[in-house]
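Contents: one structure, followed by commentary.
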Amino acid sequence: MRVALLTEGGYPYAQGELVAWCERLVRALPGHDFEVRALSRGRRQARGPRRPLPPHVRLVRTGRLWGPPPGRRPSRRAARDFGEAFEELTAGLTGDTGAGGGVADRFAMGLYALADQAAAHGGLARWLASDQALAVLEAACRRPGAPRAAVGAGVGDLLAVAERLERALRPLSLDWYAGDPFDPGLGKADVCHAVGGGPAALPGLLARHFHGTPLLVTEFRVRLREHHLSALAGTAGHAVPPSAARAPVRALLAGFQLGLARAVYHGAQLITPGDARAGRWQRRCGADPARQRPVWPGVAVGELAALADELPAPPVPTLVTAGPLDEEADAGGLLRALARVRAAEPAARLLALGGPAPEPGAVPGVRWCPPGSVEHRPAAGAAARAAGWAAGTVAVLVDARGGFPAALVEAMSCGRAVVAVDAGAAAEALGDAGVLVPPGDPAALADACLALLRDPARRARLGAAARARALDRFSHERGIATLDAGYAELAAGRAAARPRPRWARAAPGRRPAPGVLAGAEELS
Amino acid sequence: MSASADPVRALLTEHRELCAAAVDPLEIAAGLEARGVDEATAARCRHRDVFALAEELHARAGRPAPPPAPRPARRAGVRLALPLLPGALCAAGLWLVDRLPPEAAPGRAALTVACGVLTLLAVLLVLARHAPPGVAGLLALPPVGYALVGDAMLGELLVGRHHETGSAAGAALLLAFSVAPIAWCRDAFTDRCAALLAAPRLREFAAGARASLLRGCLLLAAALAVPPAALWLLSPPWAPWAGGGTLAAAALGWPLGLAALLVRHGLRALAAAGLALVGAVELLALALAGAGWLPGCSALAEPVAAPVAAHGTAVVPLAACAVGGCLLLVGAVVALPRPSAHRALPLRPVDGRAGRVPGTGPRDAPRAPSPAAPPDLSPDPSPDAPPDPSPGVSQRRPPPRPWPHRSHARSTTSDDRTTRHAGHDRNRSPGRPEV
C-alpha cells in the first residue's frame, strides 16, 4: 500500500511538531510504501537537519509556507479566473450564505474552484498578493453578513490578511497532484494521511478532489483551537505581530480557519482526534462522529513499565507529581494537600518530576510545607522519568490543563496508584484504575492520598489496573494499529469504488523499483 | 435577580477582557477551555457544551470602544539629523584635505579615501537601514562614479579642444548632501502611507498615496536644488562651484532619490532598471567617445561630441539623469500607489480601530515565554522549538491566573432562578457521543 504522509512544520525536518510521533509511525509500518510530503514553516527549518529516513520511504517532496510568493505575475485571463474563484471563497469566509447552500459549501466550492484554476494555469503564483485579491477581500468585508469586526477592516488589515492567506493557500500551487516522471503524484497514493488539520490537510483535500484519493486526518491539537489561542495571545501581546492582533484581521483569519477546518472534516474519510476535547471541536466544525476514531498521542508504555519494574519501592511515603510546580498546574492546592498529609504522616514528602523549582513566593502554598518536604528532580528521557515515577508511592496529578494527560499515562504505565484531579481528560484517561478527586479541593486530595498511602494492597491493585489500562489504550502501538487499520479500510474502500485498470491487474502487487523513487527526492 | 444567581454573568465578569476582545464565539470557547472552564461549568450554566456557553458570552459581552492606539514615540531628532551625516562627513574630509600642505601627497590620498569610505558607510546607514537595496545599490555606483570623474574622462577622450570640467570635490559634496532631502522625502512618504493604511477603502488609499507621492516628488525636486544653490552662494575654496559639472552631480540626486523610494517599498527591480539606464547612457557616451580614437571610426564619437561641443560635458550626465529619472518617475507613479506595494511596511494603527484590550498592548504586557505556540499563519513562525518527545506533553500555556480563581466552577451554583439569554438555544443540536 502506498501511503502519502502529509506534514506541516514537522517530519522529516528534525525540528518541528510531532517529529518523533511521525518517525515512530513510519518506522512501525515497514510493510507500506510511504511518501512524505512536507510543508516547511521557516527558512531555518527548511535548511535545518532532517531525520534519517527508513528505506520504505520512497519519496520526499517539500514545499514552503514562508518567504516571498513564488512564481511570476499571472496572465490577465488567469487573474480573472482566480478572481471569480476567490470571490466564492471569501463569500464563505465572511459568513455570506448564498442561494445555493451554506457558508461552508461556498468556502469549499471556492477553494476547489481556486484549486482547479491553479491547476489549469500552473499555480496561483503571486495572484493572492496582488491588488485584485485585495479588492476581492475588501468587497467581502462589505457584504451583508460579514462579521462585525471585519466591517472596519482597513487597507493595512486587508494586506495582513492577504499575506497570510497567500501563505496558507500555497499548497494549491504545488505540483504534487498530477504526477511527473519522478513523482507519481498524490493520485497514485492509496491513502493520504495528513498529520494535523489546516495547511497539512490541504494537499490531501485537493488529492481527493482531483483524484479521489482517500484522506485520513490525524489531529492531536485542533488547528482551529490553536489558532484562536494564538490570536488571544496576540491580543495580550505575545509572539504575534501587532498587525495580526487587530480585530478585523483576527475575524477574517478566524473565518478562514473555520472554513478550512469544515472543508477538511467534510472531505476526510477518517478523522482521528487526539482526545475527547479535540473530538468535540471537530464535531463542532462539522466532523461526522461516525468517521472519528480516537488515536491518543501515546506514551511508550511498555518501555516505561519495564524500566519501572526494575526499581525498588521508596523507603518513605512519597507522593510524586509532574512538574513544574506553578500556579497554572494548581500547585497551591497540591501543597496544601501535602501539608494535610504531613500532619497525619510526618515522613511524607513530595517529589516533582521535571521543570525548575518554583521561586519562593510564586506558589502561595509553599509556606505551608517545611523545606525539604518538596524535592524537585529533572527528568528527561524515558529512563529518568520511569525512575522518577517509581520513586513515588502514590502519583498525584493535579494539572488541569487540557490535552492529552501524558504525565498521568506515564504514571499509570509505571504501575503507580494514581490520585488525579477530575479535570480535562483525566477522568477519560484514568477510568476506574485510580482515584479521582474534585478540582479545587485540597482536603479531598489529601484524604485520597492518605487512604492510598495506608493501604498497600489497594495501592498494588490500582497500580496493576492502571498499568493494564495504559497498555491497553495509550501505548504507541495501539495508536499505530488503529491508523494501520484505517489505512487498510480506506484503501479497500477506494479499490472497491474504482476498479483498477487492466494493466494494473495483470501484475498484481508490483512495486516501483526502490531506486527510481528514492532518487527523486527534491529539495525545493 | 442578584448577579450571583446568573452564573453566566459571573463568568462574563470574570472573563470580561476575553469576551470583549473576542471576534468569534469559538475564540471565547478556546479561551475558556484554556482557563479551565469545562463541560461541567457549561452544564452548570445550563448549556449543552462550552461552545454554546461561549456563544451566549459572545452575544452578551459588551464591546468597549476601542482605545486610541498610542502613537509610538519616534525619535524625530535622529530621523531629521541622521541624513545630514554623510554631507557633514564629506565636508569635514574635504576641508581637512584642503588644509594639508600639497607636499603631503600620501596623507592627502589616504585622507581622501578614508573620507570617501566613511561617507559611503553613512549613506548606507541612512538609506539602506530599513530596506536592503540589493542589486540596485550596486547599480547606483556607476552613475555616482561618473559624477565624480566621468566629465574629466569624457573631456580627455573627446578629440578636439579641451573642455571645461567640474571638480570632483564639489560633486562629491553635493551628492553627500543630497542624501538628506532624499531620506526626508522618502520617510515622509512612507509615514504618510503607513497612516493611509488605516483607510477603509482601497481606492481611498490609492488616491491618497498618489497625491502623497506627487507631493513628495515635488518636494524632492525642490529640496535637491538647495545644496547646489548653497554651494553656488558660499563657493568654499576646497569645493569650488564649477558650473555645469556640479549641476549634473546635483541632478543625479533625482534618479537616486526615486530609486531609494522604490527600494523602500520593495520594488528593487524597478529601481535597479532605472539606475542601470542612467549608468548605461553614461557608459555608452564614454564608449562612443573612446571609439572615436579608433582608425576610421571617428564618426562614432560624433553623436557625443556634437552636444558636448554645444553645451559642455555636463550634457551627458544631465541627459542620462533625465532619461533614467523619467523611467523611475513613471514606474513610481504607476507602482507606488498600489496597496500591494506597501505590504513590507510595518502597520501602525493611527486611529481607534485597533481591537486591543486596554492595558494589554504589546508594550504593556510582559512577553510570555511561549515557544510551544503554534506558528499559525504568522509571517515569522518559530519552527525551531526542540522536537517534542511525546506529542501533547508540551501543552500551550494559558496566561497565568491566581490560584483561588479555579474555584469559580464550584462557587457559581446554578439554581432554578438561573436565567439564560433568551435567543441562545436555537443553535443547539442533539447531543453527540464523546470520542
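In order, the protein sequences belong to chains A and B. So for the first sequence, UniProt numbering puts the first residue at 1; every next one is plus one. So for the second sequence, UniProt numbering puts the first residue at 1; every next one is plus one. Note that CB positions come from ideal geometry on N, CA and C, so glycine has one too.
C-beta neighbour in chain B for residue i, strict 9 Å
| i | result |
| --- | --- |
| residue 70 of chain A | no |
| residue 106 of chain A | no |
| residue 131 of chain A | yes |
| residue 204 of chain A | no |
| residue 320 of chain A | no |
| residue 163 of chain A | yes |
| residue 121 of chain A | no |
| residue 312 of chain A | no |
| residue 378 of chain A | no |
| residue 280 of chain A | yes |
| residue 98 of chain A | Confidence is the limiting factor: at residue 98 of chain A the pLDDT is only 49, short of 50, which leaves the residue's position unreliable, though a coordinate-based value still follows. Not closer than 9 Å to any Cβ of chain B, the Cβ of residue 98 of chain A fails to qualify, so no. |
| residue 489 of chain A | no |
| residue 12 of chain A | no |
| residue 111 of chain A | no |
| residue 186 of chain A | no |
| residue 254 of chain A | yes |
| residue 138 of chain A | yes |
| residue 152 of chain A | yes |
| residue 174 of chain A | no |
Beta carbon of residue i nearer than 9 Å to that of residue j
| i | j | result |
| --- | --- | --- |
| residue 439 of chain A | residue 36 of chain B | yes |
| residue 269 of chain B | residue 318 of chain B | no |
| residue 317 of chain A | residue 276 of chain A | no |
| residue 110 of chain A | residue 89 of chain A | yes |
| residue 437 of chain A | residue 445 of chain A | yes |
| residue 258 of chain B | residue 193 of chain B | no |
| residue 187 of chain A | residue 200 of chain B | no |
| residue 154 of chain B | residue 304 of chain B | yes |
| residue 254 of chain A | residue 228 of chain A | yes |
Short CB-CB distance (under 9 Å) between residue i and chain A
| i | result |
| --- | --- |
| residue 46 of chain B | no |
| residue 50 of chain B | yes |
| residue 92 of chain B | no |
| residue 340 of chain B | yes |
| residue 29 of chain B | yes |
| residue 7 of chain B | no |
| residue 198 of chain B | yes |
| residue 202 of chain B | yes |
| residue 382 of chain B | Caution applies to residue 382 of chain B, whose pLDDT of 37 falls short of 50 and renders its modelled position unreliable; the model cannot decide the point. |
| residue 192 of chain B | no |
| residue 60 of chain B | no |
| residue 343 of chain B | yes |
Bridge partners - residue i, DSSP secondary structure assignment
| i | result |
| --- | --- |
| residue 218 of chain A | A:195 and A:272 |
| residue 34 of chain A | A:3 and A:57 |
| residue 292 of chain A | A:271 |
| residue 13 of chain A | A:50 |
| residue 299 of chain A | A:475 |
| residue 322 of chain A | A:353 |
| residue 178 of chain B | DSSP output for residue 178 of chain B lists no bridge partner at all. |
| residue 375 of chain A | A:351 |
| residue 183 of chain A | A:180 |
| residue 340 of chain B | Paired residues: none, contrary to the question. |
Suppose only complete runs of 4+ residues qualify. What are the alpha helix (DSSP H) ranges in the segment 378–452 of chain A, listed by chain order?
Segments of the alpha helix (DSSP H) lying fully in the segment 378–452 of chain A: 382–390, 406–413 and 426–430.
Residues of the segment 10–26 of chain B in Cβ contact with chain A at a cutoff of 9 Å, in chain order, please.
17, 18, 21, 22, 23, 24 and 26
Taking any Cβ of chain A, which residues in the segment 263–281 of chain B have a Cβ under 7 Å from it, in chain order?
Per Cβ criterion, the list is empty.
Pick out the complete alpha helix (DSSP H) segments inside the segment 15–47 of chain B, 4 residues or longer, and give them in chain order.
16–21, 25–34 and 39–44
Taking Cβ-Cβ distances below 7 Å as the criterion, which residues of the segment 292–317 of chain B are in contact with chain A?
none
Members of the segment 173–190 of chain B that neighbour chain A once the beta carbon cut-off is set at 7 Å
For the segment 173–190 of chain B, which is checked against every Cβ of chain A, not one residue is closer than 7 Å.
Which complete alpha helix (DSSP H) runs does the segment 84–138 of chain B hold, if anything under 4 residues is left out?
85–99 and 105–127
Counting only runs of 4+ residues fully inside the segment 209–266 of chain B, write out the alpha helix (DSSP H) ranges in chain order.
If we require 4 residues or more, the alpha helix (DSSP H) runs fully inside the segment 209–266 of chain B come out as 226–234, 244–251 and 253–264.
Members of the segment 214–228 of chain A that neighbour chain B once the beta carbon cut-off is set at 7 Å
220, 224, 225, 226, 227 and 228
For the segment 16–43 of chain A, list every residue whose C-beta sits within 8 Å of some C-beta in chain B, in sequence order.
Per Cβ criterion, the list reads 16, 17, 18, 19, 20, 21, 40, 41 and 42.
Taking any Cβ of chain B, which residues in the segment 471–482 of chain A have a Cβ under 8 Å from it, in chain order?
none
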